[in-house]
Amino acid sequence: MGYIKSALTALMIFSFVFMRPSWASQALNNKYGISLLQPSQTDIKNTAELVNSQGGDYGYVTLVIQEDDRDKSKWQDIFDELRKHHLVPIVRLATKPEGENWKKPTKDEAIGWADFLNSLNWVVKNRYIVLFNEPNHATEWGGEVNPQDYAQVAFEFAKVLKQTNREFFIMLAGFDASAPHYPNQYEDEEIFLQGIFQDSDLKIQDYIDGWATHSYPNPGFSGSPWDTGRKSIRGYEWELGLLERLGVLKEMPVFITETGWVDTKLSRETVASYYRVAFEQIWGPDTRIVAVTPFVFSYQSAPFSGFSWKKIGGDEFYPQYGEVLGISKVRGSVEQIESGVLSMQLPLELVANSNYQFSMKLKNTGQAIWDEKDGYKMSIIDNDSLPFEYIFSDIKGVEPYREINVILYLKTHKIEGQRRVQLALIKDNEAIIKSKVWKFAVLPIPKLEIKASLFPKIEQRGSGFEVQIFDEDEKLVYKKKGLELRSKTVTIDEVQNVALGKKYRVVLLKKNYLPRQAYITFRKDNNILKLKQMLPFDLSNDGSLGFDDLGAFFKDLSQTKLLIP
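According to mature numbering (1 follows the signal peptide of the UniProt record, and there is no 0), the stretch in the sequence shown is residues -24 to -1, 1 to 541, in order.
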């Protein structure tokens, strides 16, 4: 089916040299998908609603990237949209049109492709790659049919991709199983595969992770879903049998990257019913199949508009969309690379019976979007009971490469010796990112003595003082009213909510007096703070000296007593 579609070739590197990607055969897998080719945001949204409907999640989409369209920003934006909508990309590599043919790729182009594909942050750990398109058509391979040349190019691409990143999951091109033996134009798939695998020096089977197939319902893309054989929607069974006869004995998961019925001979209602039969009774029960991405979600012109699921020139869909939309699906479980950085500077000494609020930076450098609805949350790892209660702020919509502030709210209780704990980002009760070890102790509540005096008083005593204490972020952490000045000292026997070794701003307030402030670093004991003399010039009680204080003085002359020694 690939007369004008681009192609992608992929092979695996020796299993004893590079670790082979897994395809989560034992995990829950939603094999529903569709071919998107070059999607818009609307197409991605509509596709997610289709393949992830009725309980489904993480369905598949097949995309095509041409060599002259390797725009990192464009494709990263597409991948990020797929990530948001829980769609797994299968990427088919393509060259570019040259006249009536697709340009033949060369081995020395592999490095450029590998560098580009590796520069993208993929949606899931497995980077599904299909190496070109139906090379048993001359139009897809520079105007010639050459299985040996395809094998050499595919081998080189697979080797370079694997050397670049072992997470690339390589598949050969999907072939046209209905193509005849017609020299210089087409080659029978069986003969073509013989040409690929006959070179014992390549051992190309050792470089393939999965099998991409174009299992179309022929003849005329109009066959019954119940047909069998190489020209049916079960054509992959014939291909797997052929591979076994050719000595390729490894079991490979199957990706039906193209299939589908055309509306030239069948009604759209019949096409819809065929898709239901195929998904529910043919492809669905077959455990060898990982994904099925029919051709094509949207094709708005000839020659492939007959395959399109989206109607031409509008936002409506043909009946097969609604039919597949209503089929029950599996909530897919995918493996994503989890990585990130948790940056924090927490105090080493807390005090008992206190409340704290600590801020830290959390940066996502992995593949998943962190959100509490998907099981992500912050926690403290400790095997013993903690000497405090705590909660973290919620984790919501943290996309890759985004950094957020996380707040830890903490309330201490009793005095505790030194403890060692770690902060962690948890998903489904498993730590995926851990902080460095936080060593801390909970110590007795410290005492604070503030040395102060009132101008122009001779007897330095009084009442009605207030103390406010602010942390380094200018957040009020402690306040106490009704304090007394005795012998030039305001004493607070227990200052809660402070961390020892940290600097705080202490403000002393009294009605009609200008505030005084200074900084102190709290210690276990001997916390003595000396302030400048307090002046009785804030008669408006706004915390500053101004003309309004003069007005307040003349409005209430009894305040002259403040100036009496």
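We put the CB at the ideal spot given by N, CA and C, even for glycine.
Query                                                                                                                                                        : Result
Quick check on the DSSP output: what are the complete beta strand (DSSP E) runs of length 3 or more inside the stretch 276 to 363, in order along the chain? : 316 to 319, 325 to 327, 331 to 340, 352 to 357
Can you tell me which residues form a DSSP beta bridge with Lys486?                                                                                          : Phe441
Does Asn109 have its Cβ less than 8 angstroms from a Cβ in chain C?                                                                                          : The question asks about chain C, but that chain is absent: this structure has only one protein chain.
If distances are taken between C-alpha atoms only, which option among Asn22, Ala400, Leu26, Thr38 comes closest to Leu13?                                    : Thr38
Determine, using beta carbons only, whether Phe151 and Phe131 come nearer to each other than 8 angstroms.                                                    : no
For Glu448, count neighbouring Cβ atoms within 10 angstroms of its own Cβ and tell me buried if that reaches 16, exposed if not.                             : exposed
With distances taken between CB atoms, is the gap from Gly342 to Glu379 smaller than 8 angstroms?                                                            : no
By DSSP's criteria, Asp514 is part of a beta bridge. Which residues make up the other side?                                                                  : Asn488
Using the three-state DSSP reduction, which class does Asp175 fall into: helix, strand or coil?                                                              : coil
Starting from Leu476, trace the alpha helix (DSSP H) both ways and give me its first and last residue.                                                       : Run containing Leu476: none; DSSP gives neither H nor E here.
Just tell me which of Gly88, Gly119, Glu348, Arg68 has its CA closest to the CA of Lys80.                                                                    : Gly119
Below 8 angstroms on the Cβ atoms is my contact criterion, and I expect Val27 with Ile10 to pass it. Report the Cβ-Cβ distance as a whole number of Å.       : 6 angstroms
Are Asn473 and Asn331 close, meaning C-beta to C-beta below 8 angstroms?                                                                                     : yes
Just to confirm, is the Cβ distance from Trp346 to Val374 under 8 angstroms?                                                                                 : yes
Is it a yes or a no for the stretch 363 to 371 touching the stretch 403 to 413, going by three-plus beta-carbon pairs under 8 angstroms?                     : no
If Pro363 and Val418 are in contact, beta carbons under 8 angstroms, what's the gap, nearest whole angstrom?                                                 : 5 angstroms
Rounded to a whole number of angstroms, what is the C-alpha to C-alpha distance between Trp187 and Gln394?                                                   : 57 angstroms
Do you know how far the Cα of Ile265 is from the Cα of Ala(-1)?                                                                                              : Note on Ala(-1): pLDDT 47, under 50, position unreliable in the model; the coordinate value appears next. Cα to Cα, the separation comes out at about 12 angstroms.
For Tyr212, count neighbouring Cβ atoms within 10 angstroms of its own Cβ and tell me buried if that reaches 16, exposed if not.                             : buried
Straight-line CA distance for Ala90 to Phe416?                                                                                                               : 47 angstroms
Do you know offhand how far Lys138's Cα is from Thr233's?                                                                                                    : 22 angstroms
Quick one: is the Cβ of Asn503 within less than 7 angstroms of any heavy atom of the ligand FMN?                                                             : The ligand FMN is absent from the structure shown, which contains no ligand whatsoever.
If you count every other CB in all the chains shown that lies within 10 Å of the CB of Gly31, and 16 or more means buried, which is it?                      : exposed
Asp44: which of Gln444, His113, Lys72 sits nearest, CA to CA?                                                                                                : Lys72
What whole-angstrom Cβ distance do Asn381 and Lys337 have, given they're in contact under 8 angstroms?                                                       : 7 angstroms
Counting C-beta neighbours from all protein chains within 10 Å, is the total for Leu58 16 or more, i.e. buried, or is it exposed?                            : buried
Would you kindly work out how many angstroms separate the C-alpha atoms of Lys83 and Arg46, rounded to a whole number?                                       : 18 angstroms
Check for me: the alpha helix (DSSP H) holding Pro123 runs from which residue to which?                                                                      : 123 to 140
Can you tell which of Val268, Gln128, Lys456, Ile87 has the C-alpha that lies nearest to the C-alpha of Thr140?                                              : Ile87
Tell me whether Leu(-17) is buried or exposed, calling it buried when 16 or more other Cβ atoms sit within 10 Å of its Cβ.                                   : Reliability of the predicted coordinates at Leu(-17) is poor, the pLDDT of 30 falling under 50, and the value obtained from them is presented with this limitation in mind. Leu(-17) is buried by the Cβ-count criterion.
Cβ of Leu69 within 8 angstroms of Cβ of Ile105?                                                                                                              : yes
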